[in-house]
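Each residue of the sequence shown is one higher than the one before, counting from 0 in numbering that gives the first Met the number 0.
Note that the Cβ used here is the ideal one computed from N, Cα and C, for glycine as well.
The block underneath contains the structure these notes are about, expressed in structure tokens.
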Amino acid sequence: MKPINKVAVVAKRDSPEADQTAREVAEWLERRDVTVAVDSDAEHGPPGVLTGNGDFDLVVILGGDGTLLSVARNLTRPVSILGVNLGHLGFLTEVGRHELYPTLVEVLAGRYSVEPRTLMELDLHRADGSVEHFNLLNDAVIAKSALSRIIELTLSVEGELVTTYRSDGLIISTPTGSTAYNLSAGGPIVIPTLPVAVLTPICPHTFSLRPIVVPDSSTVEVTLDTQLEKVFLTIDGQEGTTLAYRDTVRLRRSDLEVPLVKISGRSFYDSLRHKLHWGS
Numbered sequence: 000m001k002p003i004n005k006v007a008v009v010a011k012r013d014s015p016e017a018d019q020t021a022r023e024v025a026e027w028l029e030r031r032d033v034t035v036a037v038d039s040d041a042e043h044g045p046p047g048v049l050t051g052n053g054d055f056d057l058v059v060i061l062g063g064d065g066t067l068l069s070v071a072r073n074l075t076r077p078v079s080i081l082g083v084n085l086g087h088l089g090f091l092t093e094v095g096r097h098e099l100y101p102t103l104v105e106v107l108a109g110r111y112s113v114e115p116r117t118l119m120e121l122d123l124h125r126a127d128g129s130v131e132h133f134n135l136l137n138d139a140v141i142a143k144s145a146l147s148r149i150i151e152l153t154l155s156v157e158g159e160l161v162t163t164y165r166s167d168g169l170i171i172s173t174p175t176g177s178t179a180y181n182l183s184a185g186g187p188i189v190i191p192t193l194p195v196a197v198l199t200p201i202c203p204h205t206f207s208l209r210p211i212v213v214p215d216s217s218t219v220e221v222t223l224d225t226q227l228e229k230v231f232l233t234i235d236g237q238e239g240t241t242l243a244y245r246d247t248v249r250l251r252r253s254d255l256e257v258p259l260v261k262i263s264g265r266s267f268y269d270s271l272r273h274k275l276h277w278g279s
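Below you can see the structure in the form of structure tokens.
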């Protein structure tokens, strides 16, 4: 693996534990002649250390899955990410706080692998002709507000009409996000390295509309066909905007992948059993 000479350490915002751990990690790395930049993650915007010209070999994320998602969406080139869970579940983060320094020893010695995760690009084409752009690692969710009626969403894949959903909304998930909102809404668990996207309706008004898995090389389009209702587009559960009648969401696989550092020896199936208590 590539030698680790320059590291960015990103700590979860407003977390004293993450801030303290970031300082300790920086000192530990500097004693080993590694150049370090430290920043706090803003959760709804890119950490400053990743918006400059820093040519980092590794990003160490201290926090949880939300912190990792916010950093991954804002990468402009592939940089290996080591996620350290300081929270509760931590399904995306590779190691816990007690495993941090043994893991860093292994990484600095080059004894690690990376698992590429799919990013998706989303263009929101407004009915007025304007376009807004987002990246996502987990999912894009189109959903009505609590007081809205059922909404209608027209789905096309590669320009071919698939169906019109009458539902509370629709989840478009990457394999990485299949264990997030998609799973709660009854969608399938997908091996995170598969080249697919999962489309899961939220409380559809008919039993015949079930989740569908499509190649992530396809262009997925969803158009809002309901007027006078509050509808929201949410990206990775962290950012988003409102949708209006005839706005169209267009998704496709990004050319950029997110390399997650793997060193623990735990497989995806281990994570299902131990973190999601799958099968218990």
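So who's on the other strand from residue i, going by DSSP bridges?
i, result
"valine 195", "Pro214"
"lysine 229", "DSSP, once it has assigned bridges, lists no residue as partnering lysine 229."
"isoleucine 170", "Val140, Thr199"
"alanine 36", "Ala7"
"lysine 261", "Ser112"
"valine 221", "Leu154, Val248"
"glycine 239", "Thr233"
"phenylalanine 133", "Leu121"
"asparagine 84", "Gly62, Gly95"
"leucine 160", "Ser155"
With 16 as the cutoff for other CB atoms within 10 Å, does residue i come out buried or exposed?
i, result
"valine 72", "The displayed chain sequence assigns arginine, not valine, to residue 72. With 16 or more Cβ atoms within 10 Å of its Cβ, arginine 72 is classed as buried."
"serine 282", "The first residue shown for the chain is 0 and the last is 279, placing residue 282 beyond what the model contains."
"asparagine 4", "exposed"
"lysine 143", "buried"
"lysine 11", "buried"
"histidine 43", "Only weak support is given to the placement of histidine 43: the predicted model assigns it a pLDDT of 47, under 50, and the value that follows is read from those uncertain coordinates. Exposed, by the Cβ-count rule."
"valine 130", "exposed"
"histidine 273", "exposed"
"arginine 266", "Reading the sequence as shown, one finds serine at residue 266 and not arginine. Its Cβ having fewer than 16 others within 10 Å, serine 266 is exposed."
"threonine 175", "buried"
"alanine 179", "buried"
Leaving out five residues on either side along the sequence, give the residues of the same chain with a beta carbon under 8 Å from the beta carbon of residue i.
i, result
"arginine 31", "Leu107"
"alanine 25", "Val8, Val35, Val37"
Under 7 Å Cβ to Cβ from residue i, same chain only, skipping five residues before and after it: list those, please.
i, result
"aspartate 13", "none"
"glycine 186", "Ile170, Ser172, Ser177, Val197, Thr199, Pro210"
"alanine 21", "Val8, Ala10, Val37, Leu61"
"valine 113", "Ser79, Pro258, Leu259, Val260, Lys261"
"tryptophan 277", "Leu271"
"alanine 126", "Ala243, Tyr244, Arg245, Asp246"
"glutamine 83", "Rather than glutamine, the amino acid found at residue 83 in this sequence is valine. Val59, Ile60, Leu61, Thr92, Val94, Arg96, Leu99, listed in sequence order."
"isoleucine 201", "Ala142, Ser166, Asp167, Gly168, Leu169, Ile170, Ala184"
Considering only the alpha carbon of each residue, which of the options lies closest to residue i?
i, options, result
"arginine 249", "Arg96, Lys11, Arg116, Ile141", "Ile141"
"leucine 28", "Ser217, Thr153, Gly89, Leu99", "Leu99"
"arginine 76", "Glu238, Glu114, Pro258, Tyr268", "Pro258"
"asparagine 330", "Lys1, Arg125, Gly278, Arg251", "The chain is shown only over 0 to 279; residue 330 falls outside these bounds and no answer can be derived."
"threonine 117", "Gly62, Val83, Pro214, Gly128", "Pro214"
"leucine 121", "Val219, Pro203, Ser69, Lys229", "Val219"
"aspartate 64", "Ser266, Gln237, Phe267", "Gln237"
"glutamate 228", "Thr66, Ser147, Pro115", "Ser147"
"lysine 1", "Thr162, Asp56, Glu16", "Asp56"
"leucine 85", "Asn137, Thr66, Ser166, Ala184", "Thr66"
"leucine 281", "His87, Asn137, Val189", "In the structure as shown, the chain starts at 0 and stops at 279, and residue 281 therefore has no counterpart that could be examined."
"methionine 119", "Pro194, Glu151, Asp269, Ile188", "Pro194"
Please work out which residues of its chain come closer than 6 Å, Cβ to Cβ, to residue i, disregarding the five sequence neighbours upstream and downstream, and give them in chain order.
i, result
"threonine 240", "Leu232"
"aspartate 222", "Residue 222 is actually threonine in this sequence, not aspartate. Result list for threonine 222: Thr153, Thr247, in chain order."
"asparagine 283", "With the chain covering 0 to 279 only, the question about residue 283 has no answer from this structure."
"threonine 225", "Ile150, Glu151"
Taking Cβ positions only, does residue i come closer than 8 Å to chain D?
i, result
"glycine 236", "The chain labelled as chain D is not found in the depicted structure, where only one protein chain is given."
Taking one C-beta from the stretch 258-271 and one from the stretch 103-117 each time, how about it: are there three or more such pairs within less than 8 Å? yes
Spell out a yes or no on whether the stretch 240-249 and the stretch 158-166 are touching, meaning 3 or more CB-CB pairs, one atom from each, closer than 8 Å. With a cut-off of 8 Å, the stretch 158-166 and the stretch 240-249 do not count as touching, because too few Cβ pairs lie within range.
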